[in-house]
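*Asks:*
2 protein chains.
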Amino acid sequence: MSQPDTKERILDVAEELFARQGFHATSLRAITGAAEVNLAAVNYHFGSKEALLDAVFERRLTPLNRERQARLDAVQAVAATEGRPLRAEEVLRALIEPTLRLYESGPGASSFILLVGRALSGSDELVRQTFLQHMGALFALLLDLLGQALPQLPRNQLFWRLQFALGATGHALRWAGGGLELPGGFTQPPSVEELIDMVVGFSAAGMEAPCP
Amino acid sequence: MSQPDTKERILDVAEELFARQGFHATSLRAITGAAEVNLAAVNYHFGSKEALLDAVFERRLTPLNRERQARLDAVQAVAATEGRPLRAEEVLRALIEPTLRLYESGPGASSFILLVGRALSGSDELVRQTFLQHMGALFALLLDLLGQALPQLPRNQLFWRLQFALGATGHALRWAGGGLELPGGFTQPPSVEELIDMVVGFSAAGMEAPCP
DNA sequence: GTCTATAGATTGATAGAC
DNA sequence: GTCTATCAATCTATAGAC
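If you read the protein sequences in the order shown, they are chains A and B.
When the count follows our numbering, it moves up by one through the first sequence with no breaks and lands on 242 for the last residue.
When the count follows our numbering, it moves up by one through the second sequence with no breaks and lands on 242 for the last residue.
1. With residue 229 of chain B as the anchor, note down where its alpha helix (DSSP H) starts and where it stops.
2. Counting only C-beta atoms, is residue 164 of chain A closer than 8 angstroms to chain B at any point?
3. Could you check whether residue 151 of chain A and residue 200 of chain A sit closer than 8 angstroms to each other, using their CB atoms as the reference points?
4. Distance, Cα to Cα, residue 54 of chain A vs residue 70 of chain B?
5. Would DSSP call residue 35 of chain A helix, strand or coil?
6. In the DSSP assignment, find the alpha helix (DSSP H) that holds residue 219 of chain A and state where it starts and stops.
7. Let me know if residue 137 of chain B comes out buried or exposed under the rule of 16 or more other beta-carbons within 10 Å of its beta-carbon.
8. Secondary structure at residue 164 of chain B, three-state DSSP: helix, strand or coil?
9. Does the stretch 141-161 of chain A come close enough to the stretch 67-86 of chain A to have 3 or more Cβ pairs within less than 8 angstroms?
10. Express the C-alpha separation of residue 114 of chain B and residue 146 of chain A in angstroms, rounding to a whole number.
11. Between the C-alpha atoms of residue 189 of chain B and residue 173 of chain B, what's the straight-line distance to the nearest angstrom?
12. Which runs of the beta strand (DSSP E) spanning at least 3 residues fall entirely within the stretch 47-131 of chain B, listed in chain order?
13. In or out: residue 218 of chain A buried (at least 16 other Cβ within 10 Å) or exposed?
14. When the distance is taken between beta carbons, is residue 105 of chain A closer than 8 angstroms to residue 124 of chain A?
15. According to the neighbour-count rule (16 or more other Cβ atoms, all chains shown, within 10 Å of its Cβ), is residue 96 of chain B buried or exposed?
16. Would you say residue 43 of chain B reaches chain A, if we count a Cβ-Cβ gap shorter than 8 angstroms as a contact?
17. Would you mind sorting residue 98 of chain A into buried or exposed? The rule is 16 or more other CB atoms within 10 Å of its CB.
18. Mind checking if residue 9 of chain A is an interface residue toward chain B, Cβ cutoff 8 angstroms exclusive?
19. Any beta carbon from chain B within less than 8 angstroms of residue 32 of chain A's own beta carbon?
20. List the endpoints of the continuous alpha helix (DSSP H) containing residue 138 of chain B.
21. Go ahead and label residue 31 of chain A buried or exposed: buried means 16 or more other beta carbons lie within 10 angstroms of its beta carbon, across all protein chains shown.
22. If residue 122 of chain B sits next to residue 225 of chain B, beta carbons under 8 angstroms apart, how far is it from one beta carbon to the other, in whole angstroms?
23. Could you list which residues in chain A have their beta carbon closer than 7 angstroms to that of residue 122 of chain B, in chain order?
24. Indicate whether at least one CB of chain A lies closer than 8 angstroms to the CB of residue 198 of chain B.
25. Is residue 108 of chain B buried or exposed, if buried means 16 or more other CB atoms sit within 10 Å of its CB?
26. Give a yes or no on whether the minimum CB-CB distance between residue 194 of chain A and chain B is below 8 angstroms.
27. Is any non-hydrogen atom of the ligand FMN found closer than 7 angstroms to the C-beta of residue 223 of chain B, if you look at the structure I gave you?
28. If the cut is a Cβ gap below 8 angstroms, which residues of chain B does residue 13 of chain A touch?
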C-alpha cells in the first residue's frame, strides 16, 4: 500500500469524470489532478487509460451482477414453487432494482449509475464494449427468462422490445445519476423508489403490448 | 460557390463521423481528409468545430420539425372532427415516424438518425444541448398533446413516461442508424416499417400503463 | 511507489500567399 | 475560396531520479 489508497482515489475520480464528461473528454491530467495523485500513477497502477476504464466497471459490476443473478434465480424459484409462469414485470425488476438501488449506497455510486446509462446507450463504442464484456452472460439469461414470461411473443419481437426496455432504463439511469439537466425547467427528479416503479412499470407494459 | 459544393461535402462527412465516432473523437483533420477539402475550409465556412455541429443539426432538423409539427397538427384536427380524445399512439407516431422515415431518404440520412439517437441519450452534453436548441418548442407541444391523450395521468408521471419513451426511441434510432453491433450475434435489424411499429407500440403501451 | 521531466503525437485554429 | 505552413495547447505514455 501507499497513501490512504491512491488506487481507490483514482477509481473514484475516474468513475465520476467518465460518467459526467465521457471517456474521451476526460484526460488523465483531469483525473490525477482531482484525485491529488501524480500524473504517472494511473499508468503505474492500471497500465493505461483504457485499463482504468475496465477497472472502474469491474469494481462495481462484479458484486452487482452477483446480486442480479441471485435475484433472477429467486424469481425463477418462486414462480416454480407457485406453479405459475414468470411475469415480465418481476424479471425486469430483478434486473433494474439492484442497479438503481446502488444510488443509495453512497455518493460515488450515483456516478457509476450514470456511467452505466452512458454505456447502455452506446454513446461511446469503447465504453459500450468494455461494459458488455462484463454483462454478456446476464443478457443471455435475461432473454431466456423473458421468453418464458412471454411465450406467445415471437423471439424477434422479444429481442427488440428488450432493447427498447434497455433504452428506457438507460435513460432513467442517466436521470437518476444526475447526468441530465431537466429541459424547460421541469419538476425535480423523483425518489429512487418511484423511479424504479415507473421504469419497471413502463417497460413491463411495453413488453406485454399486444403483438401487431 | 467553389467546388461542386465544398460546404455540403463537409456537412455530409461531419454528419457521418459525428454520428459514428462522437463529436470529441472526431478531428477536423478526419473530416476534411474524408471530404477531400482543405483543413482550413471548416473554419472558413463555419467558423469553428462547434458551429459545424450546429449546422449539421440545422440542415436536417429544420425541414424535419416542420413535418413533425404538421403531423401533430393533423392528428389534433382529425381527433377534433371525429369528436374523440387524442390517442397516445397517434401522437407518438406523428413524432417518431417522420424521423425514422428519413432512413429511406438516402444513405446520408441514416447517419443523421444515429446522431439524433446519440443526442437524445445525452451521451455528449455539447451534442445534446445543440440538439435541444432545435427542439424546444416541439417538446412542449408534445407534452401538451400527450396530456390530452392521457388526462387521468398525473403530470409528473406523464413527464417521466415521455422520457422513457424518448429513451426507447433513441435506442431504436441508434440501431436503425447502424450505430450498434448486435450483441451475441443476434438477428439482423428489422425493416424501417417494422421498427416504427415496434417502437411506437412499445412506447404507447408503456405510456398507457395503469398508474401504480 | 511517487515524483519530475519530457518525449512524441495530435489537436483546433489562424496567418498570409495565391 | 483555397492552399501551405505553423502556432500554441493538449494529450497519453514513459524514462529515470529518489
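Yeah, the Cβ is synthetic: ideal placement off N, Cα and C, and Gly gets one too.
*Replies:* Looking at the atomic coordinates:
1. Residue 229 of chain B: member of the alpha helix (DSSP H) spanning 222-237, first to last residue.
2. Residue 164 of chain A has a beta carbon lying at 8 angstroms or more from every beta carbon in chain B.
3. Yes, these two residues count as a Cβ contact at 8 angstroms.
4. Just so you know, the alpha carbons of residue 54 of chain A and residue 70 of chain B end up roughly 24 angstroms apart.
5. Shown here, residue 35 of chain A sits in coil according to DSSP, grouped into three states, outside any helix or strand.
6. Segment: none, residue 219 of chain A is in no alpha helix (DSSP H) and carries neither H nor E.
7. Label assigned to residue 137 of chain B: exposed.
8. The answer is coil: DSSP assigns residue 164 of chain B none of H, G, I, E or B.
9. Contact between the stretch 141-161 of chain A and the stretch 67-86 of chain A is present: 3 or more CB-CB pairs across the two stretches fall below 8 angstroms.
10. Residue 146 of chain A and residue 114 of chain B have their C-alpha atoms spaced approximately 42 angstroms apart.
11. Going by the C-alpha atoms only, they are around 7 angstroms apart.
12. As summarised for the stretch 47-131 of chain B, there are no continuous beta strand (DSSP E) elements at least 3 residues long confined to that stretch.
13. Classification for residue 218 of chain A: exposed.
14. Closer than 8 angstroms, so yes.
15. So residue 96 of chain B counts as exposed.
16. For residue 43 of chain B, the answer is no, since every Cβ of chain A falls outside 8 angstroms of its Cβ.
17. So residue 98 of chain A counts as buried.
18. Since the displayed chain A opens at 31 and closes at 242, residue 9 of chain A lies outside it and no answer follows.
19. With a pLDDT of only 47 at residue 32 of chain A, under 50, the local geometry of the prediction cannot be trusted, and the value read off the model is given with reservation. The Cβ of residue 32 of chain A sits no closer than 8 angstroms to any Cβ of chain B.
20. 137-150 is the extent of the alpha helix (DSSP H) around residue 138 of chain B.
21. Because residue 31 of chain A carries a pLDDT of 48, less than 50, the predicted location of this residue cannot be relied on, and no value is offered for it.
22. No, residue 122 of chain B and residue 225 of chain B are not in contact; Cβ-Cβ is about 14 angstroms, not under 8 angstroms.
23. Residues of chain A passing the Cβ test: none, with the nearest at roughly 12 angstroms.
24. Cβ-Cβ to chain A under 8 angstroms: yes for residue 198 of chain B.
25. Around the beta carbon of residue 108 of chain B, a 10 Å sphere encloses fewer than 16 other beta carbons of the protein chains shown; the residue is thus reported as exposed.
26. Taking Cβ atoms only, chain B reaches closer than 8 angstroms to residue 194 of chain A, which makes this a yes.
27. Absence of the ligand FMN from the depicted structure is noted, as is the absence of any ligand whatsoever, leaving it without description.
28. Given that chain A is displayed from residue 31 to residue 242, the structure contains no residue 13 of chain A and the question cannot be resolved.
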